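The numbers in the sequence shown follow my numbering, run straight up by one, and end at 628. To start, the structure under review is shown below, and the notes come after it.
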Amino acid sequence: MEQTKPAYVYLVRCAGGQLYAGWTTDPQARLYAHKTGRGAKYTRAQHAESLAYLEQCPGRSAAMRREAALKALTKAQKEALCAQWAEASRPRLSLASRADAAEILELYNWYVLNHTATFQITPSTLPQYEQWVEDTLARAPLILARDKAGRLLGYACAHRWHEREAFDWDVESTVYCAPFARGLGVGDTLYAALLELLKAQGYWNVYALIADPNPASERLHEKFGFVCEGRTPRTGYKFGRWLGLSTWHLALRKGTGAPEPVRLQLPAEEVIAVLDKCSL
Ligand SMILES: CC(C)(COP(=O)(O)OP(=O)(O)OC[C@H]1O[C@@H](n2cnc3c(N)ncnc32)[C@H](O)[C@@H]1OP(=O)(O)O)[C@@H](O)C(=O)NCCC(=O)NCCS
Numbered sequence: 349m350e351q352t353k354p355a356y357v358y359l360v361r362c363a364g365g366q367l368y369a370g371w372t373t374d375p376q377a378r379l380y381a382h383k384t385g386r387g388a389k390y391t392r393a394q395h396a397e398s399l400a401y402l403e404q405c406p407g408r409s410a411a412m413r414r415e416a417a418l419k420a421l422t423k424a425q426k427e428a429l430c431a432q433w434a435e436a437s438r439p440r441l442s443l444a445s446r447a448d449a450a451e452i453l454e455l456y457n458w459y460v461l462n463h464t465a466t467f468q469i470t471p472s473t474l475p476q477y478e479q480w481v482e483d484t485l486a487r488a489p490l491i492l493a494r495d496k497a498g499r500l501l502g503y504a505c506a507h508r509w510h511e512r513e514a515f516d517w518d519v520e521s522t523v524y525c526a527p528f529a530r531g532l533g534v535g536d537t538l539y540a541a542l543l544e545l546l547k548a549q550g551y552w553n554v555y556a557l558i559a560d561p562n563p564a565s566e567r568l569h570e571k572f573g574f575v576c577e578g579r580t581p582r583t584g585y586k587f588g589r590w591l592g593l594s595t596w597h598l599a600l601r602k603g604t605g606a607p608e609p610v611r612l613q614l615p616a617e618e619v620i621a622v623l624d625k626c627s628l
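Given below as structure tokens:
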């Protein structure tokens, strides 16, 4: 059973440019451990800074064999691999359409079934998601990140915060990376584009609901200026346990003046310019 779970080999770049090779079943957690000095003696001493290469293997044994092969490469060979990977895995942003619903659904349903990031317990269906894509696009961008080969790395979007009209200037944001694409900075790229577009539309407030525990999401929101405005310690029940939820807020505009109406649809060229800039 263990052998069929994906495992990964990776190279981590250290402060002096050195590359450290390892394997893991959870690249995001492993990278964070290296960056915080709890990964390996070498990366603690040399200060691990970023992920430089990631490759999925069919299982643990394959990953261990591949790790040994990576360790045997020369520095120049490792650098060539990293350069190739950086170009291939760089997120390319685009606006979603109804035709992308199946891929988005597959990504999201993985979290429904395996993770507490969402409080949804029963997977959504394709017709529901096709409608969801259209409803989402009616008010705000639904942004996809794909790699060079076109694989979906993640998506970000925003929905009404509350139904009443006085909330017209407020949205709730969402970001999901594919399980294999967590820890690669895809969340950053998606959020930078989403928040810029929401601001251009004329929204004033962005809220995010973060279930406990989700340190990567909390850190991502902090980096973009969100502030935690409160935490309910026991509000959702999933996988046989109670979960807490925190509310995070980002003010896109300051002041108390009367707001202009939100531009529900931005001109296509304005959207493309932001997506292209953030894809670099
Ligand atoms: C949350 C999510 C969008 C973040 O995107 P990402 O591209 O994977 O982000 P990263 O792994 O680069 O992590 C973001 C930050 O959290 C930090 N981080 C990662 N794991 C961490 C941990 N266990 N503890 C503390 N910080 C952590 C990273 O170091 C990074 O901060 P830095 O840039 O200052 O180094 C992504 O992990 C994801 O899709 N998670 C599952 C779905 C989800 O939780 N969505 C959000 C719902 S509110």
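Ideal placement from N, C-alpha and C gives every residue a C-beta, glycine not left out. Fair warning: this is a prediction, and the values are worked out from it, not measured in the lab.
{"Check": "Going by beta carbon distance, what residues of the same chain come within less than 8 Å of GLY550, once the five residues before and after it are set aside?", "Outcome": "TRP517, PRO607, GLU608, PRO609, VAL610 and ARG611"}
{"Check": "Span of the alpha helix (DSSP H) holding ARG414?", "Outcome": "408–420"}
{"Check": "Taking C-beta to C-beta, are TRP509 and TYR555 nearer than 8 Å?", "Outcome": "yes"}
{"Check": "Within its chain, find whatever has a CB closer than 6 Å to the CB of THR464; leave out the 5 residues flanking it on each side and keep chain order.", "Outcome": "ALA559, LYS586 and LEU591"}
{"Check": "Pick helix, strand or coil for TYR380, following the three-state DSSP scheme.", "Outcome": "helix"}
{"Check": "Output the distance between the C-alpha atoms of ARG444 and LEU492, rounded to the nearest integer angstrom.", "Outcome": "A small correction: the amino acid at residue 444 is Ala; Arg does not occupy that position in the sequence shown. Roughly 6 Å between the two C-alpha positions."}
{"Check": "Does DSSP classify THR604 as helix, strand or coil?", "Outcome": "coil"}
{"Check": "DSSP three-state label for ALA488, please.", "Outcome": "coil"}
{"Check": "How would you write the range of the alpha helix (DSSP H) that ASP624 sits in, first residue to last?", "Outcome": "616–627"}
{"Check": "Determine, using beta carbons only, whether ALA506 and LEU538 come nearer to each other than 8 Å.", "Outcome": "no"}
{"Check": "Using the Cα positions of TRP371 and ALA411, report the straight-line distance between them to the nearest angstrom.", "Outcome": "6 Å"}
{"Check": "What residue range does the alpha helix (DSSP H) around ALA452 cover?", "Outcome": "Ala is not the amino acid found at residue 452; the sequence shown has Ile there. Counting along the chain, the alpha helix (DSSP H) containing ILE452 begins and ends at 449–462."}
{"Check": "Answer yes or no: do GLN425 and GLN394 have a C-beta to C-beta separation smaller than 8 Å?", "Outcome": "no"}
{"Check": "For ALA369 and LYS389, what's the separation of their Cα atoms in angstroms?", "Outcome": "13 Å"}
{"Check": "Please identify the residue among LYS602, LEU542 and PRO475 whose C-alpha is closest to the C-alpha of LEU453.", "Outcome": "PRO475"}
{"Check": "Using the rule of at least 16 other Cβ atoms within 10 Å of the residue's Cβ for burial, across every protein chain shown, is THR484 buried or exposed?", "Outcome": "buried"}
{"Check": "Can you tell me whether GLU511 is helix, strand or coil according to DSSP?", "Outcome": "coil"}
{"Check": "Per the DSSP calculation, ASN553 is bridged to which residue(s)?", "Outcome": "ASP518 and ALA599"}
{"Check": "Suppose you measure from the CA of ARG487 to the CA of ALA416; what does that come to, to the nearest Å?", "Outcome": "50 Å"}
{"Check": "Which value, in whole angstroms, describes the spacing of the CA atoms of PRO563 and ALA377?", "Outcome": "10 Å"}
{"Check": "Under DSSP, the alpha helix (DSSP H) around SER313 begins and ends at which residues?", "Outcome": "This structure cannot settle anything about residue 313, because the visible part of the chain is limited to 349 through 628."}
{"Check": "Taking the DSSP output, what are the residues bridged to ARG494?", "Outcome": "ARG440 and LEU500"}
{"Check": "Quick check on the burial criterion: 16 or more other C-beta atoms within 10 angstroms. Buried or exposed for THR522?", "Outcome": "buried"}
{"Check": "DSSP puts GLY630 in a beta bridge; with which residues?", "Outcome": "Residue numbering for the chain in the displayed model covers 349 to 628; residue 630 lies beyond these limits and cannot be assessed."}
{"Check": "For SER445, does the three-state DSSP call read helix, strand or coil?", "Outcome": "coil"}
{"Check": "Can you tell me whether DSSP reads GLN468 as helix, strand or coil?", "Outcome": "coil"}
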